[in-house]
Amino acid sequence: MIASITLFTIMFALGMGLQPQAFGSIRERPALFARVLVGSCVVVPLIALGLLLLPISAALSTPARLAIALMAICPSAPLTLRKAGKKGGDRELAAVLQVGAAVAAIASIPVLADVYRAAFAVQSWDLGPQEVAQQVGLSQVLPLLLGLVLRQRWPQLAQQWQGPLDKLANALLVLLLAVVLVTTGPLLLPFVTANWIALGLMATLVALCLGLGYGLAGATRHERITVSLVTSMRNPGLALLFAGTYAPELPAIKIAILVYVLVTVVLSIPLLQTLNRQPAQEIVNS
Numbered sequence: 000m001i002a003s004i005t006l007f008t009i010m011f012a013l014g015m016g017l018q019p020q021a022f023g024s025i026r027e028r029p030a031l032f033a034r035v036l037v038g039s040c041v042v043v044p045l046i047a048l049g050l051l052l053l054p055i056s057a058a059l060s061t062p063a064r065l066a067i068a069l070m071a072i073c074p075s076a077p078l079t080l081r082k083a084g085k086k087g088g089d090r091e092l093a094a095v096l097q098v099g100a101a102v103a104a105i106a107s108i109p110v111l112a113d114v115y116r117a118a119f120a121v122q123s124w125d126l127g128p129q130e131v132a133q134q135v136g137l138s139q140v141l142p143l144l145l146g147l148v149l150r151q152r153w154p155q156l157a158q159q160w161q162g163p164l165d166k167l168a169n170a171l172l173v174l175l176l177a178v179v180l181v182t183t184g185p186l187l188l189p190f191v192t193a194n195w196i197a198l199g200l201m202a203t204l205v206a207l208c209l210g211l212g213y214g215l216a217g218a219t220r221h222e223r224i225t226v227s228l229v230t231s232m233r234n235p236g237l238a239l240l241f242a243g244t245y246a247p248e249l250p251a252i253k254i255a256i257l258v259y260v261l262v263t264v265v266l267s268i269p270l271l272q273t274l275n276r277q278p279a280q281e282i283v284n285s
C-alpha cells in the first residue's frame, strides 16, 4: 500500500510540475529521446541479464538475483527529477524522459520478464502485459495524466501545489525506504555479509549503466548528467511493488532492492562530481 501511494504521489507531482513546452524538446531532439528510452528500458535490462548469466552469478541467492532483475527491468526512477535538478542536470529533460520511460514500461516490462523467464527456465513470476499495465497504469500513468490535466486546466492552483506536493512525494519515498529498512533491518547485515558477489554485480551494473547514459547523451554537461542518472537510477517503488505482489514470502528481496539503491547513489557521486567540473556548454550532438 505504501509503495502504491508513494508512486501515485510522485507521478502526480511530476505531471503537475511539468511545463507543456517541455514536450517540444522531443520534436527538437527525437534521436536523443529514442536512444535514451531504448537504452533505459531495453539495453539496461539486457546488460543485467548478461551479468546474471555469467558463471559467477550462480552463487547468488534467490532474493539477490530477483532484486537485480526487478531493478533492471523497472525504469523511470522517482528520484531522477530531483537529483538532476540538484546535481547540475536538466530538470525538464529528466522529467520528459521519466514520463516516456513510465509509459514505455507498460510494454517493456512484460516482454523483458518473459526474456528473463526463458533465460532461466522459470515458470513463476509471470508478469503479463495485463498485470503490468494495471500496476504501472494505476500507479504511474494515471496520476501523471491527472497532474498534466490539473496543470493545463488550473495552472495557478498547480503552481501553488507543486512545491508542497513534490516535498510530500519525496518524503513518502523516504518513508517507503525507511519502512523497508525497519521491517527487514535484521536481514541487512546478514544479506551484505553473505552476498558480496551480489554487491559486486550490482556495482558493475550501475557502473555500466552510468557509462551507457554518458555515451547516449549529447556533448553538454547538463545532458550527460541527466541521461546518466536516467539510465542508472531504477525505480525501487515499482520493484518493491512487484516484489510484494509476486514474492511476499521472500522479504530479503526488499532489502536487496534497498542495497541496490544505496549502491547506485554511492557510485553516481564520483561521476557527477567529475561532470560538474567540465564546461557547461559544448557542441550538442543530435
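Under numbering that gives the first Met the number 0, the first residue of the sequence shown carries the number 0, and numbering increases by one thereafter. We treat Cβ as the ideally placed atom computed from N, Cα and C, and that holds for glycine. If you're wondering where the values come from, they're calculated on a predicted model, not measured in any experiment.
DSSP, read as helix, strand or coil, puts residue 275 in helix. Nearest neighbour of residue 212 by Cα position, chosen from 196, 39, 119, 114, turns out to be 39. Going by beta carbons, residue 76 and residue 201 fall outside the 8 Å limit.
The beta carbons of residue 172 and residue 9 sit about 7 Å from each other, so the pair counts as a contact at 8 Å.
When secondary structure is reduced to three states using DSSP, residue 231 falls in the helix class. Beyond the five residues adjoining it in sequence on each side, residue 207 comes within less than 6 Å, by CB distance, of 46 in the same chain, given in chain order. Residue range 195-215 is occupied by the alpha helix (DSSP H) that includes residue 207. By the neighbour-count criterion, in which 16 or more other beta carbons inside 10 Å mark a residue as buried, residue 268 falls on the exposed side. Shortest Cα-Cα distance from residue 118 to any of 237, 132, 68, 263 involves 68. Secondary structure of residue 27 (DSSP, three-state): helix. For residue 152 and residue 41, the gap between their C-alpha atoms comes out near 35 Å.
Take residue 101, set aside five residues on each side of it, and the residues of its chain with a beta-carbon closer than 8 Å to its own are 10, 74, 75, 135, 139, 140, 143, in chain order. Counting only the Cα atoms, residue 199 lies some 15 Å from residue 62.
In this structure, residue 12 lies near residue 168, with their beta-carbon atoms less than 8 Å apart. Secondary structure of residue 52 (DSSP, three-state): coil.
Taking 4 residues as the shortest admissible run, the segment 119-186 contains the following complete alpha helix (DSSP H) segments, listed from N- to C-terminal end: 128-135, 141-152. With a cut-off of 8 Å on Cβ pairs, the segment 210-225 is not in contact with the segment 234-246, counting fewer than three such pairs. Between residue 115 and residue 48, the C-beta gap is smaller than 8 Å, which places the two residues in contact. Just so you know, the alpha carbons of residue 197 and residue 205 end up roughly 12 Å apart.
Residue 160 has its alpha-carbon roughly 20 Å from the corresponding atom of residue 98. The segment 251-261 makes contact with the segment 173-181: 3 or more CB pairs, one atom from each, lie closer than 8 Å. Between the alpha carbons of residue 104 and residue 16 lies a distance of about 21 Å. The three-state reading of DSSP puts residue 189 in helix, counting H, G and I together. Taking the Cα positions, residue 186 is about 15 Å away from residue 261. Relative to the Cα of residue 65, the nearest Cα in the group 230, 29, 106, 247 belongs to 247.
The C-beta distance from residue 111 to residue 55 rounds to 22 Å, too long to fall under 8 Å, and the pair is not in contact.
For a cut-off of 8 Å, the C-beta gap from residue 92 to residue 222 is around 7 Å, short enough to register as a contact.
Membership of residue 10 in the alpha helix (DSSP H) is indicated by the continuous run 1-16.
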